[in-house]
Amino acid sequence: IAVVFGGKPLNLTRLSEIVPTIFQVWYLGQESGTAIADVLFGKYNPGGKLPISFPRSVGHIPSYYNHKPIARRGYLFDDASPLYSFGYGLSYTTFEVGNLRLKKSEIGINECTSVSIDVKNTGNTAGHEVVQLYIRDKVSSVTRPVKEFKDFEKVYLEPGETRTLSLTISPEQLSFYNIDMDYVVEPGDFEITVGISSVDNKNKTTLSVKKR
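Given below as C-alpha cells:
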C-alpha cells in the first residue's frame, strides 16, 4: 500500500503498476497519523471521491472531466483517458447502482423534475457511497462541455442493504451563459447520467426541455 501526501494531481502511473493500493491522503492535520492508521487497519472504511482527475503522464496535464468536445479521439500511442477520473474512489466494500428513472421526462424551461436511482451495498462491509449527477446539453447555441457535475448524495449502507436516492434537476442546473452573456435555459434534450464517478456511464436517460 502506498500512502500519498499531496495537494495536486500527480503522475502515479508507475506507482499504480507496482502497488495494489494507493491511499491519497492530501494534507492532513495533527491527527493525520491516527486517521491513516484507522483506515489502513480497517477501523474505518474510506469512501471519499477525487475532486480532480489524475493524469497518466505529465504530458497529459491538464486533465478535465468536463472538457469541450474535440475532433481527435486521443493520443497516437497513449490512452487519452485519465489514470483516475474526477469522482473516482474505492472503499473496503462494493456498490451497485441501477434502475434510473425520471419523475418527469419532459419539462418546461422554468420547471423542475427529479431523478431516482437504487443503490445497493454488494460487499461484506458497511460503508459510504457517493452517488453523482452529471448533465450534458446535447445541442446548444454555444459549445458546451461533454458533461457537467451538478449534484451528489452520500449514503451509508449496511451489507446487502438497498436504498433509493432522489436528486432534483432544476432550471439552474440546465442554465448557461449564451453568446450574449445571458444566463438561459435553452429548449432541447439533456443527457442525464447518475453513477459513482465521472466515467460511470451505465445509468443514463434523456430529459426533454420545452419552451412553454
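Going by the numbering used here, the sequence shown opens with residue 7, and the numbers climb by one from there. Where a beta carbon is used, it is the ideal one built from N, C-alpha and C, also for glycine. Since we're looking at a predicted model, the values are computed, not measured.
So, is residue 68 buried or exposed, given that buried needs 16 or more other C-beta atoms within 10 angstroms? One-based indexing of the sequence shown puts residue 68 at position 62. Exposure of residue 68 is indicated by the presence of fewer than 16 other C-beta atoms within 10 angstroms of its C-beta.
DSSP state of residue 20, grouped into three classes? As a first step, residue 20 is located in the sequence shown; it is residue number 14 there, counting from the start. Residue 20: helix per DSSP, three-state reduction.
Residue 127 to residue 167, Cα distance in whole Å? The count along the sequence shown starts at 1 and reaches residue 127 at position 121. The count along the sequence shown starts at 1 and reaches residue 167 at position 161. Rounded to whole angstroms, the separation of the alpha carbons of residue 167 and residue 127 is 6 Å.
Quick one: is residue 204 buried, meaning 16 or more other Cβ sit within 10 Å of its Cβ, or exposed? Within the sequence shown, the letter at position 198 stands for residue 204. The residue in question, residue 204, is buried, as its Cβ has 16 or more Cβ neighbours within 10 Å.
By the 10 Å Cβ neighbour count, where 16 or more other Cβ atoms means buried, how is residue 109 classified, buried or exposed? Against the sequence shown, residue 109 aligns to sequence position 103. Burial is judged here by how many other beta carbons sit within 10 angstroms of a residue's own beta carbon; residue 109 has fewer than 16 and is exposed.
Among 132, 29 and 42, which has the Cα closest to the Cα of residue 161? The count along the sequence shown starts at 1 and reaches residue 161 at position 155. Residue 161 has its Cα closest to that of 132, out of 132, 29 and 42.
Hey, how far is the Cα of residue 148 from the Cα of residue 73? Within the sequence shown, residue 148 is the residue found at index 142, counting from 1. Within the sequence shown, residue 73 is the residue found at index 67, counting from 1. Taking the straight line joining both Cα atoms gives about 14 Å.
Which residue marks the beginning of the beta strand (DSSP E) containing residue 122, and which one marks its end? One-based indexing of the sequence shown puts residue 122 at position 116. Where residue 122 is concerned, the enclosing beta strand (DSSP E) stretches over 119 to 127.
Taking just the CA atoms, how far does residue 53 sit from residue 23? In the sequence shown, counting from the first residue as 1, residue 23 sits at position 17. In the sequence shown, counting from the first residue as 1, residue 53 sits at position 47. When rounded, the distance between both Cα atoms is 23 Å.
Is the beta carbon of residue 100 sitting closer than 8 Å to the one on residue 65? Walking along the sequence shown from the start, residue 100 turns up at place 94. Walking along the sequence shown from the start, residue 65 turns up at place 59. In this structure, the beta-carbon distance from residue 100 to residue 65 does not fall below 8 Å.
Residue(s) in a DSSP beta bridge with residue 201: By one-based count along the sequence shown, residue 201 stands at place 195. Paired residues: 138.
In terms of DSSP beta bridges, what is residue 225 paired with? Any property of residue 225 remains undetermined from this structure, which presents the chain solely from 7 to 218.
Proximity winner among 201, 159 and 8, relative to residue 91 (alpha-carbon distances): Position 85 of the sequence shown, counted from the start, is the residue given in the question as residue 91. Cα-wise, what sits closest to residue 91 is 201.
Report, in whole angstroms, the separation of the C-beta atoms of residue 137 and residue 125, which I expect to be a contact under 8 Å. Here residue 137 refers to the residue found at position 131 of the sequence shown. Here residue 125 refers to the residue found at position 119 of the sequence shown. Rounded to whole angstroms, the Cβ separation of residue 137 and residue 125 is 6 Å, and the two are in contact under 8 Å.
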